[in-house]
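First comes the structure, then the notes that go with it.
Now the structure itself:
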């Protein structure tokens, strides 16, 4: 997933020096690297807990950004794709790439880099 342009904004935490009000809107900060670290440390006891964190990426993006903005669409795509292998042991990397490519075919902007500025709603 690291190679997917849509996922790049979600591999690190939100920089609070750039977006100081983010924590007020989204007190449960989560990113893909944090989830990966939790997986590697054995933190998660249930698949549902992993799904909860993955879905929070999209929920946080939706709360903070303009509805239907690129960052929100990317967050939804990344979250939905990342959850799939949790519940389907036959879901392969090849299938993940194919599903991502289908999303990009429907919405080519998904594969564009997000500008350095997030499209934030006014407080």
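Residue numbers (my numbering): 1474 to 1596. The beta-carbon is built from N, C-alpha and C at its ideal position, and this holds for glycine as well.
Each residue's CA atom was taken as its position, placing residue 1576 and residue 1508 some 23 Å apart.
The C-beta distance from residue 1530 to residue 1503 rounds to 6 Å, short enough to fall under 8 Å. When only Cα atoms are considered, residue 1484 and residue 1532 end up about 16 Å apart.
Shown here, residue 1494 sits in coil according to DSSP, grouped into three states, outside any helix or strand. Collapsing the DSSP output to three states places residue 1533 in a helix. By the criterion of a C-beta distance shorter than 7 Å, residue 1545 is surrounded in its chain by 1534, 1535 and 1538, once the five residues flanking it on both sides are discounted. An exposed status is given to residue 1557, since fewer than 16 other beta-carbon atoms sit within 10 Å of its beta-carbon.
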